[in-house]
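Let me begin by presenting the structure, written as structure tokens, before commenting on it.
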Ligand code: 13P
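In my numbering, the protein residues as written are 1 to 252.
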């Protein structure tokens with residue numbers, strides 16, 4: 001049996017000032033020994049927080065992620081942050097294709113193809129987000145929507161590149177709503193995702209972590225993480241509290 005990495009990643013979104021964020025990272029660090037040693041923690045923090053959080057968690061084994069990167073390598077792109085910049089500040093990961101970016105900032109599959117290629121070039125592991133809206137689920141299109149999000153972007157990678165990708169299934173209707181997918185709904189989609197990945201990447205798909213995101217919290221993490229194809233979580237609101245974040249990491 002292949003053992004996939006277990007991951008609990010926090011997505012702080014646009015929350016906390018820099019001092020508050022560094023404090024939160026230190027609080028997570030102070031409790032890190034409470035989690036099982038085979039669970040990897042990752043903190044996905046705002047760009048402004050990366051340097052401070054990198055310093056706070058240095059040498060701890062906690063991973064550092066940005067929440068986006070530019071679709072261009074460098075140059076006259078005011079306001080953008082490149083994959084190389086992220087690498088140079090100590091990031092190992094970058095969240096790409098989050099539904100909030102797709103929904104509010106016009107993130108397209110085409111741009112994501114460019115972003116993921118640049119992340120790969122810098123050796124950053126993408127945390128690639130997919131997920132359907134409530135309307136798409138109610139129309140019965142959730143499997144095909146998620147499949148096309150994967151095909152349009154991840155299928156541009158080689159199996160060697162795909163081996164470093166973490167996929168996050170985040171049903172849009174469950175994000176920040178307090179409404180979690182049931183373990184059955186999540187497992188069914190995660191198994192579908194793995195089947196789609198296997199169709200392109202073969203055995204590599206068995207090693208790719210697929211995380212669940214959407215109102216995941218200490219009270220429901222255990223049931224979700226017990227599912228065969230759920231390898232951990234991408235945590236929004238509950239990652240802003242060190243105790244809740246660690247409690248989720250202890251739910252495997
Ligand atoms: P919540 O956990 O706040 O629902 O957010 C999930 C999410 O979008 C993580 O990326």
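Each residue gets a CB set at the ideal place from its N, CA and C atoms; glycine is no exception. No experiment lies behind these values; they were computed from the predicted model shown.
By the three-class DSSP mapping on this structure, what secondary structure does residue 62 have?
coil
Can you tell which of 236, 87, 38 has its C-alpha closest to the C-alpha of residue 172?
236
With which residues is residue 128 paired in a DSSP beta bridge?
96, 167
Quick check on residue 57: does DSSP put it in helix, strand or coil?
helix
Looking at the strands, I want to know which residues DSSP matches up with residue 212.
169, 233
Between which two residues does the alpha helix (DSSP H) containing residue 152 stretch?
142 to 153
The ligand 13P and residue 11: does any heavy atom of the ligand fall closer than 6 Å to the residue's C-beta?
yes
Determine the closest residue to residue 240 out of 3, 5, 26, with distance taken between C-alpha atoms.
26
Tell me whether residue 213, by its Cβ, gets closer than 6 Å to a heavy atom of the ligand 13P.
yes
Note down, in chain order, each residue of its chain lying with its Cβ closer than 6 Å to the Cβ of residue 29, except the 5 sequence neighbours on either side.
57, 60
Residue 170 CB to nearest heavy atom of the ligand 13P below 6 Å:
yes
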